[in-house]
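So that you can map any letter, position 512 of the sequence shown is 512 in UniProt numbering, and since no number is skipped, the others follow by simple counting.
Cβ atoms here follow ideal geometry from the backbone N, Cα and C, with glycine treated the same way.
What you are looking at is a predicted structure, and each value in this text was computed from that prediction instead of being measured.
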Amino acid sequence: MALLSRKDVDVNYTWDLTSLASDDQDAVQRAEQLTKDAVKFNEAFEGKLDTPEVAIEGINGLKKLSEELVLISTYASLRLSSDQSEPEAQKLSAVLGNTRTNYASNVSFFEGELLEKEDSFLNEVKNKAPEYKGYIDELLRNKPYQLDPKVEKVLANFSNVFSAPYSLYNITKLLDLDFGSIEVDGEEIPVSYLAFEGGLESNPNTEIRRKAFRQFYDTLKKYENTTAGTYDIQLKQEKTESDLRGFDSVIDYLLHKQDVSRELYDRQIDTIMKDLAPHMRRYAKLLQKANGLDTMKYEDLKIPLDPSSEPEITVEESRKYIVDALSILGDDYVDMINRAYDERWIDFVSNKGKSTGAFCSSPYGDHPYILITWSSLMEEVFVLAHELGHAGHFYNANANNNIFDTRPSMYFIEAPSTMNEMLMANHLLKNSEDPKFKRWVISSIISRTYYHNFVTHLLEAAYQREVYKMVDNYETVTASDLNRLKRKVIEEFWGDDVEITEGAELTWMRQPHYYMGLYPYTYSAGLTIATQMANRVLEEGQPAVEDWLEVLREGGKRDAVGLSKMAGIDITTDKPLKDTISYIGSLVDDLEKLTEEIDG
């Protein structure tokens with residue numbers, strides 16, 4: 001069935017953006033006013049930060065400007081995510097891009113001038129305004145890599161250009177690619193990004209799945225050079241800024257932004273590549289046997305173990321499942337979930353031009369917004385619980401911190417989301433005696449939660465690390481390089497147990513994460529923390545829940561190591577990661593036993 005246009009979908013299942021801006025005109029007018037206010041800020045404070053009191057007044061002004069920028073930028077971003085093809089949304093996105101550039105140009109002097117002050121001056125700012133301790137501490141952490149204020153201003157003026165590769169990637173992906181359709185048993189089945197990721201790549205019908213794979217990846221192949229060229233621009237920009245700021249490598253530059261050591265980063269990739277692979281190969285063999293496949297191919301890895309045991313579920317029914325599973329997190333958390341449904345924080349519909357996948361945007365000063373494409377399959381409950389985990393995190397962080405202290409290290413960012421998936425799975429297992437349903441739940445934990453975070457994104461991370469090695473040698477990255485590196489990583493992980501079909505190497509073209517720094521490895525990092533925390537909640541109950549809620553409220557006032565320690569988890573050792581991998585192995589054991597029981 002062809003996708004509907006945005007104007008034809010049921011508005012009740014779309015998000016309501018009016019608390020961000022009443023309409024496009026309101027957003028544009030506020031953007032114009034923000035630019036004027038940023039100019040006034042520049043005139044009021046540039047070259048005039050003579051006393052701690054003036055500096056504090058400036059931080060107050062910057063805080064107010066930042067809050068307004070977040071609201072109208074989020075409005076424009078979500079409008080475009082709703083339908084990338086809508087001309088008005090494209091125009092609004094361009095307007096806000098210019099606004100962000102002008103804003104950055106006018107305020108960039110502020111941090112540079114603060115960093116030219118003696119540490120005693122900055123410490124006095126902290127003493128007089130302790131609410132800005134986190135802001136000042138972060139400035140001091142960045143001080144060794146700060147450039148001359150004039151250079152910082154030039155870089156700020158190019159911010160719109162620096163974000164262009166990601167915009168180009170999305171244009172190619174969502175507007176230019178036409179995947180056509182496939183025919184199976186006389187039925188024509190349209191193929192698109194949404195259709196492929198929303199069901200075709202995991203379709204239990206082998207002919208449909210494999211034909212869709214071939215159609216999808218053959219189409220990607222036609223755009224590999226354009227996409228690689230776009231990505232190479234992103235890489236060159238990162239390398240240039242890394243060198244300018246005096247970092248030894250791009251990876252060090254990007255990890256500095258996350259306040260994470262190279263040891264934590266490398267351990268996450270190396271340990272999973274080595275220790276998890278045997279468990280996942282066993283899982284692949286189980287899938288092959290259960291589905292009667294002569295050969296286990298790369299395009300078969302996302303098929304369900306037992307599709308007949310997965311219930312269909314409506315949007316309305318999903319609320320009860322999610323509330324029941326997450327009620328352990330308390331009344332305030334449940335109230336947030338109900339508000340998300342009642343006040344249209346969630347965009348459920350499928351339409352032309354809509355962004356793929358799922359995400360949660362949590363602008364400071366407003367409530368969170370979730371994008372998902374509802375397929376009516378039970379697995380979407382896990383996806384929605386995941387995104388509500390992000391929502392619950394920033395719902396708490398934003399309410400308890402100023403805008404400068406809300407965002408934690410990216411290393412931690414996927415912990416609250418995947419924690420909710422674990423709570424959902426535990427709830428479903430606890431409330432069912434049906435071995436087939438239990439097998440479906442466990443296989444869903446592996447195929448969705450752990451496969452997604454510990455395999456899909458981890459293989460991205462291993463591949464990305466190899467790409468940055470080339471970048472640090474000042475090499476231009478081509479499509480053939482990216483294909484070679486991606487295939488090598490996939491083959492290393494799956495060994496001889498999975499046939500890596502021609503085209504699988506083009507999987508690098510599907511992910512936007514490469515335009516977001518070192519994002520891919522953080523999925524497995526977050527899920528490692530979430531797995532340990534979920535086990536604490538199961539064993540200890542309310543005391544563990546209280547620890548977790550306190551972590552969510554802490555926002556970004558501690559680094560990833562500090563936040564994890566608040567949750568009773570020490571990520572400076574490899575124990576949490578190795579325990580999590582062992583847990584995944586035990587889930588595969590459970591699946592093998594349940595399958596024997598069911599088949600016996």
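Cβ separation of Tyr231 and Tyr519, assumed to be a contact under 8 Å, to the nearest whole Å: Cβ atoms of Tyr231 and Tyr519 stay farther apart than 8 Å, at about 14 Å.
8 Å Cβ shell around Leu34 - same chain, five flanking residues per side excluded: So the list reads Leu65, Glu68, Leu69, Ile72, Thr99 and Tyr103, once near-sequence residues are dropped.
7 Å Cβ shell around Leu563 - same chain, five flanking residues per side excluded: These residues qualify, in order along the chain: Pro408, Phe412, Val551 and Glu554.
Whole-number beta carbon distance between Val191 and Glu207, since they are thought to touch under 8 Å: About 14 Å separates the beta carbon of Glu207 from that of Val191, a gap too long to meet the 8 Å contact definition.
Nearest-angstrom Cα separation, counted from Ala164 out to Gly526: A straight line joining the alpha-carbon of Gly526 with that of Ala164 spans about 29 Å.
Best match in Val95, Thr418 and Lys128 for proximity to Met533 [C-alpha to C-alpha]: For the residues Val95, Thr418 and Lys128, the minimum Cα distance to Met533 belongs to Thr418.
For Tyr463, the first and last residue of its enclosing alpha helix (DSSP H): His457 to Asp472 is the span of the alpha helix (DSSP H), which, as asked, contains Tyr463.
Boundaries of the alpha helix (DSSP H) in which Leu371 is found, first to last residue: For Leu371, there is no enclosing alpha helix (DSSP H); the residue is found in the beta strand (DSSP E) stretching over Tyr369 to Leu371.
Proximity below 8 Å, CB of Pro416 to CB of His457: Their beta carbons are not under 8 Å apart, which means Pro416 does not touch His457 by this criterion.
For Ile182, the three-state DSSP class (helix, strand or coil): Three-state result, Ile182: strand.
Glu398 and Glu131 closer than 8 Å at C-beta: Before going further, note that residue 398 is Asn rather than Glu in the sequence given. Not in contact: Asn398 and Glu131 (Cβ atoms no closer than 8 Å).
Spatially closest choice to Tyr283 from Lys302, Lys274 and Glu421, by CA coordinates: Selected option, being the one with the closest Cα: Lys302.
Per DSSP, cross-strand counterpart(s) of Leu377: Its beta-bridge partners are Glu312.
C-beta contact flag for Gly585 and Arg536 at 8 Å: For Gly585 and Arg536, no; Cβs fall outside 8 Å.
Burial state of Asp8 (16 or more Cβ within 10 Å): Around the beta-carbon of Asp8, fewer than 16 other beta-carbon atoms lie within 10 Å, marking it exposed.
At least 3 beta-carbon pairs within less than 8 Å: the region 432-445 vs the region 244-255: Short answer: they don't touch.
Segment limits, alpha helix (DSSP H) that includes Phe216: In the DSSP annotation of this structure, the continuous segment of the alpha helix (DSSP H) that includes Phe216 starts and ends at Thr206 to Lys222.
7 Å CB neighbourhood of Ala462 in its chain, flanking five on each side removed: These residues qualify, in order along the chain: Ile269, Met273 and Val489.
Alpha helix (DSSP H) runs contained entirely in the region 224-268, provided each spans 4 or more residues: 224-244 and 250-258, all fully within the region 224-268.
For Val315, the nearest candidate out of Glu380, Tyr369 and Tyr364 (CA to CA): Ranking Glu380, Tyr369 and Tyr364 by CA distance to the CA of Val315 puts Glu380 first.
Beta carbon of Leu384 nearer than 8 Å to that of Ser447: In this structure, Ser447 does not lie closer than 8 Å to Leu384 by Cβ.
Residues near Arg262 by beta carbon distance below 8 Å, same chain, minus five either side: If we look at Arg262 and ignore the five residues flanking it on each side, its Cβ neighbours are Ile251, Asp252 and Leu255.
Phe359 - DSSP class collapsed to helix/strand/coil: It is a strand residue.
Distance between Thr595 and Lys438 (C-alpha atoms, nearest Å): Those two C-alpha atoms are separated by around 10 Å.
Euclidean distance between Cα positions of Met410 and Asp599: Rounded to whole angstroms, Met410 to Asp599 spans 43 Å at the Cα level.
Per DSSP, cross-strand counterpart(s) of Asn351: DSSP, once it has assigned bridges, lists Leu4 as partnering Asn351.
Continuous beta strand (DSSP E) stretch holding Glu188: start and end: Run containing Glu188: Glu187 to Pro190, per the beta strand (DSSP E) assignment.
Three-pair Cβ contact test at 8 Å for the region 476-492 versus the region 420-430: Too few Cβ pairs lie closer than 8 Å, so no.
Ordered list of alpha helix (DSSP H) runs contained in the region 526-600, each at least 4 residues: Segments of the alpha helix (DSSP H) lying fully in the region 526-600: 542-554, 560-566 and 575-599.
Distance CB(Phe348)-CB(Trp374) smaller than 8 Å: One thing to note: Phe348 has its Cβ within 8 Å of the Cβ of Trp374.
Glu299 burial status per 10 Å Cβ neighbour count (16 or more: buried): Classification for Glu299: buried.
Anticipated Cβ contact below 8 Å, Ala31 with Leu96, distance rounded: Contact flag correct, Cβ pair sits at about 6 Å.
Bridge partners - Ile346, DSSP secondary structure assignment: Beta-bridge pairing links Ile346 to Ile370.
C-alpha gap between Ala544 and Met566, whole angstroms: Approximately 10 Å, taken between the alpha carbons.
Cβ-based neighbour list, Gln258, same chain, cut-off 8 Å, excluding 5 preceding and 5 following: Here the set comprises Ser409, Met410, Tyr411, Gly517, Leu518, Thr522 and Ala560.
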